[in-house]
Amino acid sequence: MDLQLTGASAWELFCKVKETGPLIQCITNFVSMDIMANMLLAAGASPAMAHSREEAAEFVRLASAVLINVGTLSPEWTDSMRATATAARELGKPWVLDPVGAGATTFRTQTILSLVDLKPTLIRGNASEVMAVAGGVGTVRGVDSTASAVEALSLGKDLARRVGCVVAISGATDLVTDGHRVVACRNGTPLLTKVTATGCAVTALAAAFIACAPHDPLTATAHALAVFGLAAELAAREARGPASLRVGLLDALYSVKQSQVCENVLLNEANDT
Amino acid sequence: MDLQLTGASAWELFCKVKETGPLIQCITNFVSMDIMANMLLAAGASPAMAHSREEAAEFVRLASAVLINVGTLSPEWTDSMRATATAARELGKPWVLDPVGAGATTFRTQTILSLVDLKPTLIRGNASEVMAVAGGVGTVRGVDSTASAVEALSLGKDLARRVGCVVAISGATDLVTDGHRVVACRNGTPLLTKVTATGCAVTALAAAFIACAPHDPLTATAHALAVFGLAAELAAREARGPASLRVGLLDALYSVKQSQVCENVLLNEANDT
Amino acid sequence: MDLQLTGASAWELFCKVKETGPLIQCITNFVSMDIMANMLLAAGASPAMAHSREEAAEFVRLASAVLINVGTLSPEWTDSMRATATAARELGKPWVLDPVGAGATTFRTQTILSLVDLKPTLIRGNASEVMAVAGGVGTVRGVDSTASAVEALSLGKDLARRVGCVVAISGATDLVTDGHRVVACRNGTPLLTKVTATGCAVTALAAAFIACAPHDPLTATAHALAVFGLAAELAAREARGPASLRVGLLDALYSVKQSQVCENVLLNEANDT
Numbered sequence: 442m443d444l445q446l447t448g449a450s451a452w453e454l455f456c457k458v459k460e461t462g463p464l465i466q467c468i469t470n471f472v473s474m475d476i477m478a479n480m481l482l483a484a485g486a487s488p489a490m491a492h493s494r495e496e497a498a499e500f501v502r503l504a505s506a507v508l509i510n511v512g513t514l515s516p517e518w519t520d521s522m523r524a525t526a527t528a529a530r531e532l533g534k535p536w537v538l539d540p541v542g543a544g545a546t547t548f549r550t551q552t553i554l555s556l557v558d559l560k561p562t563l564i565r566g567n568a569s570e571v572m573a574v575a576g577g578v579g580t581v582r583g584v585d586s587t588a589s590a591v592e593a594l595s596l597g598k599d600l601a602r603r604v605g606c607v608v609a610i611s612g613a614t615d616l617v618t619d620g621h622r623v624v625a626c627r628n629g630t631p632l633l634t635k636v637t638a639t640g641c642a643v644t645a646l647a648a649a650f651i652a653c654a655p656h657d658p659l660t661a662t663a664h665a666l667a668v669f670g671l672a673a674e675l676a677a678r679e680a681r682g683p684a685s686l687r688v689g690l691l692d693a694l695y696s697v698k699q700s701q702v703c704e705n706v707l708l709n710e711a712n713d714t
Numbered sequence: 442m443d444l445q446l447t448g449a450s451a452w453e454l455f456c457k458v459k460e461t462g463p464l465i466q467c468i469t470n471f472v473s474m475d476i477m478a479n480m481l482l483a484a485g486a487s488p489a490m491a492h493s494r495e496e497a498a499e500f501v502r503l504a505s506a507v508l509i510n511v512g513t514l515s516p517e518w519t520d521s522m523r524a525t526a527t528a529a530r531e532l533g534k535p536w537v538l539d540p541v542g543a544g545a546t547t548f549r550t551q552t553i554l555s556l557v558d559l560k561p562t563l564i565r566g567n568a569s570e571v572m573a574v575a576g577g578v579g580t581v582r583g584v585d586s587t588a589s590a591v592e593a594l595s596l597g598k599d600l601a602r603r604v605g606c607v608v609a610i611s612g613a614t615d616l617v618t619d620g621h622r623v624v625a626c627r628n629g630t631p632l633l634t635k636v637t638a639t640g641c642a643v644t645a646l647a648a649a650f651i652a653c654a655p656h657d658p659l660t661a662t663a664h665a666l667a668v669f670g671l672a673a674e675l676a677a678r679e680a681r682g683p684a685s686l687r688v689g690l691l692d693a694l695y696s697v698k699q700s701q702v703c704e705n706v707l708l709n710e711a712n713d714t
Numbered sequence: 442m443d444l445q446l447t448g449a450s451a452w453e454l455f456c457k458v459k460e461t462g463p464l465i466q467c468i469t470n471f472v473s474m475d476i477m478a479n480m481l482l483a484a485g486a487s488p489a490m491a492h493s494r495e496e497a498a499e500f501v502r503l504a505s506a507v508l509i510n511v512g513t514l515s516p517e518w519t520d521s522m523r524a525t526a527t528a529a530r531e532l533g534k535p536w537v538l539d540p541v542g543a544g545a546t547t548f549r550t551q552t553i554l555s556l557v558d559l560k561p562t563l564i565r566g567n568a569s570e571v572m573a574v575a576g577g578v579g580t581v582r583g584v585d586s587t588a589s590a591v592e593a594l595s596l597g598k599d600l601a602r603r604v605g606c607v608v609a610i611s612g613a614t615d616l617v618t619d620g621h622r623v624v625a626c627r628n629g630t631p632l633l634t635k636v637t638a639t640g641c642a643v644t645a646l647a648a649a650f651i652a653c654a655p656h657d658p659l660t661a662t663a664h665a666l667a668v669f670g671l672a673a674e675l676a677a678r679e680a681r682g683p684a685s686l687r688v689g690l691l692d693a694l695y696s697v698k699q700s701q702v703c704e705n706v707l708l709n710e711a712n713d714t
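Residue numbers (our numbering), protein chains in the order written: chain E, 442 to 714; chain A, 442 to 714; chain R, 442 to 714.
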């Protein structure tokens, strides 16, 4: 069966996000909080940042999906992350993991692996991070990747099958896989790499799309990446640098029209990658 | 006696903020820190973010007013919040409470109620939050409200009388009350709801206005809301979405002219609401 | 021997930052994280925010330089700051200290002094902060300075000689000294004082420049301040207020051209100041 990967299907799901306004509970790093909350709002979702041991797991009851990002990790937060992920699973709610900097330090890698054991719906990272999570030889340099998405795909597919989740690997072309099928997303602009936490924010956007299509996280993730990348393309036309790109990106997510999405989304199956 | 609620009175107090540059100590959530500090600076006040047990209460000596916002709450911060509020009271300095997410979780609601016991000068929240603080049946969905300001007014007035404070309830029309009189503020733009932490930031702005008129927190709060809402209206004229609205809002707070304030502030007593 | 303080030498070092993309590990306050990460990216460096006890010192191995900023200080962070500074020294990597609010509270001042003992490569603060660090009579009002850079220079020179570091004092004219020579930087715009954390961010930029010229932190710091100030000047030409200045500043750091740097950098030795 072919996957629905058109601009029309992306627009349809995006409209569902705007109409239902899913509440996305975010436990995320300090750098990303502002852009993540603003991106979710611009796209029509509703962000809630609640991270403490005392309430994170209780908060899940109110949420449609959960985003966990380990960026500025500390032990005080890891307990909450695990409790929240566990609560999400028990309540049957999707949860998404952004394994920032996997492989950089022992503490970080071990925390991430313990979260992977709690079976996220989606793991989204750059090639090095995905390789480190999969147990491969990912070379990490801080939070940037030194490998390409294609290099990480084989390990990413293994990881997806083993965990039973979707894995998205960011790059010039993003690759999304459930371990069997692979979707390539070619929307985006290189200038995005000069704006901090855009990767963190788009992972949260994927959580919002998945909340509106929990039966098909592969397609939902691909659609989220495409809509985000397209908004960045629209913003890049007038941007004078990374800061105006960021402003334009959020404005475009808020105001992008049906025709722009339908005509410019660049998604396709790429099972032979 | 009629309250002074004109554009001229708003401008007069705004000028006092710009001239004296009150230092506002903010213990606030991680999402709001950037926009709150920038909004205070744009308006002519001076922000200081100091939250730790070891110095927050000592820092109050330097401040003209204190803002406490419980957004990304954790136990490590609640002790500081209480110590700082207590110190502000003892020093006779105004302090303002933003009860973000009141009613969402047990931990959050209990922390907020313990802060209310320390008698803030102003409590500012959305309708659901005010109803939850007042002990009513506020329905909370994350940090958004599902009730209107008018619905919360009766409970808000009770709360104001019981605590001896001003209560401001945000909405399409903001309502501000000391338990006896009610002021309605109609400045603003709906697009503000798509920018995170604007509510947090305007509560800090209210603290700055109160610092310059500590004898009349009801009028000071109304003036702060009006100037903020008017700046948002000016920004909305040219905004292409929520991110450019945010940029324009801060620019307008910095550059708004006397005639614009005098002619466009929309404040009135609304005791029969 | 004359110092190289031309626009051409600033451009040369700036190009080295862009070409090598040094990884700057930042342990910094919550308010500054967004603008600091975005400024480093715009300038071609690579930011990594990693602060926890469990990994900060291990992370130093990956970094080219370290930035420590005590803005929103808490005891949980001070141990990491000291461990990271110690690790940087042992590995022979430059580290830079931003003593935000030195003198404001006992806890803050003592923490800063314990970090100074670990011999930073650069200390950068406003006049009051530098005077407080040097043990003088700096008058602090929150995080703003009430003294001028020239007033703090004598104590700053003493501090630089005693620690064996470079000291940069911000002001209308920035002064940079190694205790023997003094460089004045006149680039910048007063509107910068209305944008939060620009001082924090430029200290991180200085760390990136020092990472590319570790043998000469005096000149590297001066060049960083000049390039930053020049980008702010370019942005100020079109800014409508502090928020658009911030956008334009980051855009300009990304896109500023060789001729603009070569012709407009305002650096000179000022040993008789």
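Where is the CB? At the ideal position from N, CA and C, for every residue including glycine.
In this text the structure is predicted, and so the values were computed from the model without any measurement.
What are the uninterrupted segments assigned as beta strand (DSSP E) that are 3 or more residues long and contained completely in the region 616-694 of chain R, given in chain order? 623-626
Chain A contact for PRO631 (chain E) (CB, 8 Å cutoff): no
Which class does ARG565 (chain A) belong to by DSSP, given the choice of helix, strand or coil? strand
Three-state secondary structure (DSSP) of CYS426 (chain R): Only positions 442 to 714 of chain R appear in this structure, which leaves residue 426 (chain R) out of reach.
Taking 8 Å as the CB-CB limit, is GLY579 (chain R) close to chain E? Low per-residue confidence applies at GLY579 (chain R): pLDDT is 49, beneath 50, and the placement is therefore not dependable, though the value from the model is reported in the following sentence. It does not: the Cβ of GLY579 (chain R) has no partner Cβ on chain E nearer than 8 Å.
One question on the structure: do VAL571 (chain E) and VAL608 (chain E) come within less than 8 Å of each other, judged by their Cβ atoms? yes
Could you tell me whether the Cβ atoms of LEU481 (chain R) and ALA654 (chain R) are closer together than 8 Å? Judged by their CB atoms, LEU481 (chain R) and ALA654 (chain R) are not nearer to each other than the 8 Å cut-off.
Any beta carbon of chain A sitting closer than 8 Å to that of LEU532 (chain E)? no
C-beta contact flag for LEU671 (chain E) and ASN705 (chain E) at 8 Å: A distance below 8 Å separates the beta carbons of LEU671 (chain E) and ASN705 (chain E).
Exposure of ILE553 (chain A), with buried meaning 16 or more beta-carbon neighbours within 10 Å: buried
Proximal residues to GLY579 (chain R) (C-beta, below 6 Å), its chain only, five neighbours per side dropped: Because the pLDDT of GLY579 (chain R) is 49, which lies under 50, any placement of that residue in the model is unreliable, and the question is left without a value.
How many angstroms separate the CA atom of LEU686 (chain E) from the CA atom of CYS456 (chain R)? 23 Å
When burial is assigned at 16 or more other CB atoms within 10 Å of the CB, is SER555 (chain E) buried or exposed? exposed
Roughly how many whole angstroms lie between the Cα atoms of ASP619 (chain E) and ALA665 (chain E)? 16 Å
If we count Cβ pairs, one from each stretch, closer than 8 Å, do we get three or more for the region 592-600 of chain A versus the region 617-636 of chain A? yes
Measure the C-alpha to C-alpha separation of THR630 (chain A) and ALA593 (chain E) and round it to an integer number of angstroms. CA-to-CA, the gap between THR630 (chain A) and ALA593 (chain E) works out to about 46 Å.
Keeping to the same chain, check which residues put their C-beta closer than 7 Å to that of ALA663 (chain R); ignore five residues upstream and five downstream. LEU446, VAL617, VAL624, CYS626, LEU708
Quick check on this structure: which residue in E:THR550, E:PHE548, E:SER493, E:GLY533 has the alpha carbon closest to the alpha carbon of MET522 (chain E)? Per the Cα distances, E:SER493.
Three-state secondary structure (DSSP) at GLU495 (chain A)? DSSP places GLU495 (chain A) outside both helix and strand once states are collapsed to three, so it counts as coil.
Terminal residues of the continuous alpha helix (DSSP H) containing LEU508 (chain A)? Taken as a continuous stretch (DSSP letters only), LEU508 (chain A) belongs to no alpha helix (DSSP H), being part of the beta strand (DSSP E) at 506-510.
Rounded to whole angstroms, what's the CA-CA distance from LYS698 (chain R) to ALA451 (chain R)? Just pull it up for me. LYS698 (chain R) and ALA451 (chain R): Cα-Cα distance of roughly 12 Å.
By Cβ distance below 7 Å, which residues in the same chain neighbour ASN479 (chain R) in space, the five residues on each side in sequence not counted? LEU691
Coarse secondary structure for MET490 (chain A), derived from DSSP in three states: Shown here, MET490 (chain A) sits in a strand according to DSSP, grouped into three states.
Here's a check: name, in chain order, each residue in its chain whose Cβ is nearer than 7 Å to the Cβ of ALA449 (chain A), leaving out the five neighbours to either side. Excluding the 5 residues flanking it on each side, ALA449 (chain A) has same chain C-beta neighbours closer than 7 Å at CYS703, in chain order.
Is the beta carbon of LEU508 (chain R) less than 8 Å from the beta carbon of ALA652 (chain R)? Contact flag unset, no.
Start and end residues, beta strand (DSSP E) containing ASP539 (chain E): For ASP539 (chain E), the enclosing beta strand (DSSP E) covers residues 536-539.
Within a Cβ cutoff of 6 Å, which residues of the same chain sit near VAL668 (chain R), ignoring the five residues on either side of it in sequence? Result list for VAL668 (chain R): ALA451, PHE455, in chain order.
Checking contacts by CB at 8 Å: is GLU710 (chain A) closer than that to chain R? no
Which residue marks the beginning of the alpha helix (DSSP H) containing GLN445 (chain E), and which one marks its end? Element bounds for GLN445 (chain E): n/a, residue is neither H nor E.
Residues sharing a beta bridge with GLU710 (chain E), DSSP: E:VAL624
Three-state secondary structure (DSSP) of LEU481 (chain R): helix
Note the first and the last residue of the continuous beta strand (DSSP E) segment covering LEU464 (chain E). 464-468
Look up SER589 (chain E) in the DSSP assignment and say whether it is helix, strand or coil. In this structure, SER589 (chain E) counts as coil in the three-state DSSP scheme.
As a quick exercise: from A:ALA491, A:LEU444, A:SER473, A:LYS560, pick the residue whose alpha carbon is nearest that of ILE465 (chain A). A:ALA491
Under 8 Å between C-beta atoms of MET477 (chain R) and ALA676 (chain R): No; because the gap between Cβ atoms is not below 8 Å, this pair is not in contact.
Is there a Cβ from chain E that is less than 8 Å from the Cβ of ASP475 (chain A)? yes
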